[in-house]
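Protein chains: 2
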Amino acid sequence: MERPIGVIDSGIGGLTVLYELKRQLPKEEFVYLGDTLRCPYGSKKADEVRQYTWEIVEYLLTFDIKLLVVACNTATAIVLEELKQYLSIPVVGVIEPGARAAIKSTETEHVGIIGTENTISSQAYEYALKQINPNIQTVGVACPRFVPLIESGRISGPEAKQVVHESLVNIKNDSSIDALILGCTHYPIIQPVIEDVLGKRVTVLSSALETGAEVSASLTFYNMHTTKDEFPLSDPLILTTGSLSVLQRLKDEIFHFTNSQVKQVSIL
Amino acid sequence: MERPIGVIDSGIGGLTVLYELKRQLPKEEFVYLGDTLRCPYGSKKADEVRQYTWEIVEYLLTFDIKLLVVACNTATAIVLEELKQYLSIPVVGVIEPGARAAIKSTETEHVGIIGTENTISSQAYEYALKQINPNIQTVGVACPRFVPLIESGRISGPEAKQVVHESLVNIKNDSSIDALILGCTHYPIIQPVIEDVLGKRVTVLSSALETGAEVSASLTFYNMHTTKDEFPLSDPLILTTGSLSVLQRLKDEIFHFTNSQVKQVSIL
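Just so you know, the sequences run in chain order A and B.
Throughout the first sequence, residue numbering follows numbering that gives the first Met the number 0, covering 0 to 267 in sequence.
Throughout the second sequence, residue numbering follows numbering that gives the first Met the number 0, covering 0 to 267 in sequence.
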């Protein structure tokens with residue numbers, strides 16, 4: 000099926016999901032829209048998040064996308080069910096894949112979750128986990144210092160390690176936890192630091208990695224994999240409602256989408 | 000949705016998939032049918048496998064199953080597409096989840112696959128891998144000594160290690176391989192021995208583990224998760240067309256389905 004997969008995010012964090020999608024599905028075409036102008040969604044009211052999300056989704060629908068990935072935890076928590084209900088294409092969020100990865104991985108059935116303050120206070124991961132396995136015990140920790148750290152490029156070195164260490168002290172001290180969900184799409188960028196701080200006892204699970212696999216599975220379920228033979232195809236098209244500079248830098252330095260075009264768009 | 004999930008296999012190997020299904024989806028009910036009377040399917044002609052598979056599927060449909068898991072590599076390779084086409088319920092096989100696990104895991108894009116002689120000669124995993132990512136290079140190795148070893152209960156100790164070592168010499172010597180798919184549902188039972196022989200360089204991937212996650216994902220896609228609140232529920236119902244003894248022993252010793260009933264059924 001020769002239509003692109005659409006990926007939306009409030010800003011740049013969803014690029015970790017886009018990276019995994021392209022890595023796991025290299026034949027597919029992708030168009031990404033980051034609403035960097037109105038980022039972050041995490042501190043907005045639910046009605047605003049709903050309105051903004053629908054606006055960027057409607058913009059992406061003009062690309063005739065065959066499947067929509069909501070690569071933002073806040074938008075997934077607030078708008079996913081509504082999007083699934085009203086859109087005629089499959090919609091995949093990031094929360095259920097992350098929850099399933101933890102269910103698959105944990106032996107102790109004690110799972111840590113880290114994310115923005117809004118994601119943690121929404122308890123969306125706890126709900127997703129317990130819906131499937133009520134035995135799972137959870138500890139949620141908000142890490143408000145991670146996103147500024149990552150967006151400023153300080154993704155390794157002593158300062159990063161110090162911030163991660165201080166933020167994760169409750170996870171590290173809970174010896175029953177054997178799996179940690181990165182409940183914010185920014186966090187996989189500092190996953191090596193998080194793994195270093197927590198040590199081998201805790202398996203660190205990226206929603207990005209699992210969302211890639213679930214999108215692949217849903218393309219199989221709906222018989223929607225591309226049938227194109229040309230390979231390799233172009234890098235994803237990256238759209239933003241705000242400044243080009245951060246996306247330009249990240250796409251090259253971290254994600255190696257060197258051939259991606261980055262374009263500013265006006266969605267209103 | 001208060002209907003069981005059906006799981007079919009040619010014999011006992013599918014119990015590794017059933018175990019993961021129940022572990023990852025503890026609220027769901029399961030009914031398993033192993034065609035031990037006509038096992039193994041791996042050495043039969045395609046038409047026979049097709050006929051036998053349809054017969055056991057039709058028997059399971061009388062339980063009003065909501066989703067069918069084909070927990071047998073041979074039946075998946077030969078009959079999955081046909082089952083998907085003609086049944087009105089979702090059907091999940093074991094090959095695509097295993098392929099997706101490897102795509103997710105590999106960094107070198109060199110993947111080993113082990114299975115029965117029929118599974119390896121069918122190249123079903125190679126096809127599934129390359130359909131999604133044509134860059135993946137594969138090495139397939141048939142391990143005909145593994146199933147007799149496992150069915151006789153010799154799943155650890157020096158003999159098991161010796162057999163695994165001799166069978167996997169080509170995988171171990173290929174330094175580019177960083178992921179190995181267990182392409183036979185029996186093999187997860189000796190996964191610790193396989194991991195010990197291959198060392199840390201190679202990530203060993205069980206189709207059972209990934210099939211559990213994909214069944215969970217498809218219950219989400221089709222909005223079919225059970226809404227029951229009682230928990231824990233009963234252990235799976237295990238049906239066999241042949242002898243009860245091996246299933247009785249395995250269900251207790253390896254899978255800890257101590258409350259499962261095992262019943263012999265006549266499907267014709």
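Glycine included, every Cβ here is placed at the ideal spot set by N, Cα and C.
Could you name the residues of chain B that residue i contacts, counting a contact when the two beta carbons are closer than 9 Å?
i	result
P25(A)	I131, N132, P133 and N134
Which bits of chain A does residue i rub up against, with CB to CB less than 9 Å?
i	result
K103(B)	E19, R22, Q23, L208, E209, G211, A212 and S215
H164(B)	Per Cβ cutoff of 9 Å: no residues; H164(B) is ~26 Å from chain A at best.
Tell me whether residue i is buried or exposed, calling it buried when 16 or more other Cβ atoms sit within 10 Å of its Cβ.
i	result
L246(A)	buried
P187(A)	buried
D8(A)	buried
D34(A)	buried
N222(B)	exposed
T226(A)	exposed
R248(A)	exposed
E209(A)	buried
K44(A)	exposed
Q23(B)	buried
L197(A)	buried
S244(A)	exposed
P3(A)	buried
S265(B)	exposed
L267(B)	exposed
E269(A)	What the structure shows of chain A is the stretch from 0 to 267, and residue 269(A) is not part of that stretch, so it cannot be assessed.
E211(B)	The sequence as given places Gly at residue 211(B); Glu does not occur at that position. Buried, since its Cβ has 16 or more Cβ neighbours within 10 Å.
S120(B)	exposed
T61(A)	exposed
S215(A)	buried
S206(B)	buried
T273(B)	There is simply no residue 273(B) to check, as chain B begins at 0 and stops at 267 in what is shown.
G182(A)	buried
S104(B)	buried
E28(B)	buried
S233(A)	exposed
For residue i, return the contacting residues in chain A, with the cut-off set at a CB-CB distance below 7 Å.
i	result
E95(B)	T219
Along chain A, in chain order, which residues have C-beta atoms closer than 8 Å to that of residue i?
i	result
H255(B)	Neighbours of H255(B) on chain A: none; closest Cβ ~14 Å, over 8 Å.
Thinking just about the alpha-carbon of each residue, which of the options is nearest to the one in residue i?
i	options	result
P147(B)	L32(B), G114(B), D46(B) and E213(B)	G114(B)
H255(A)	E1(A), E19(A), H185(A) and V6(A)	E19(A)
Q263(A)	T52(A), T240(A), G92(A) and R200(A)	T240(A)
I107(B)	I237(B), E158(B), Q136(B) and V162(B)	Going by the sequence as given, residue 107(B) is Thr instead of Ile. Taking only the C-alpha atoms, the option nearest T107(B) is Q136(B).
I176(B)	A159(B), V162(B) and K199(B)	K199(B)
L238(A)	T219(A), P143(A) and V261(A)	V261(A)
R144(A)	G92(A), L82(A), T257(A) and K160(A)	K160(A)
P39(B)	P25(B), G10(B), E28(B) and L17(B)	G10(B)
E252(B)	V16(B), G152(B) and Q130(B)	G152(B)
V110(A)	E150(A), E1(A) and S174(A)	S174(A)
C71(B)	E1(B), V162(B), T15(B) and C142(B)	T15(B)
G156(B)	F220(B), Y51(B) and D195(B)	D195(B)
D46(A)	K26(A), L17(A) and E81(A)	E81(A)
So which residues on chain B does residue i lean against when the C-beta distance must stay under 8 Å?
i	result
R99(A)	Q23, A212, S215 and A216
H224(A)	Q130 and I131
Are the CB atoms of residue j and residue i within a distance shorter than 8 Å?
i	j	result
L268(A)	A98(A)	Here chain A has residues from 0 to 267 only, and residue 268(A) is not among them.
P235(B)	S217(B)	no
L66(B)	P89(B)	yes
L32(A)	L59(A)	yes
V201(B)	Q190(B)	no
N117(B)	T73(B)	yes
N172(A)	V138(A)	no
G12(A)	H185(A)	yes
G5(B)	I64(B)	yes
I180(B)	I112(B)	yes
V56(B)	V91(B)	no
A178(B)	A123(B)	no
I102(B)	N132(B)	yes
R49(A)	V30(A)	no
Can you pull the chain B neighbours of residue i, defined as C-beta to C-beta under 7 Å?
i	result
H109(A)	The contacting residues do not exist; H109(A) stays about 15 Å from chain B at best.
Exercise for the section: Identify every run of the beta strand (DSSP E) within the region 52–123 of chain A, keeping only runs that are complete inside it and at least 3 residues long; order them along the chain. Expected result: List check, beta strand (DSSP E) in window: 66–69 and 109–114.
Exercise for the section: With a floor of 4 residues, list each alpha helix (DSSP H) that falls wholly inside the region 148–199 of chain B, ordered by position along the chain. Expected result: With a minimum length of 4 residues, the continuous alpha helix (DSSP H) runs that stay inside the region 148–199 of chain B are 157–166, 168–172 and 190–197.
Exercise for the section: Counting only runs of 3+ residues fully inside the region 13–40 of chain A, write out the beta strand (DSSP E) ranges in chain order. Expected result: Runs of the beta strand (DSSP E) lying entirely within the region 13–40 of chain A, each at least 3 residues long, are 29–33 in chain order.
Problem - Every unbroken beta strand (DSSP E) within the region 220–258 of chain B, with a cutoff of 3 residues, ordered by chain - result: Runs found: 236–239.
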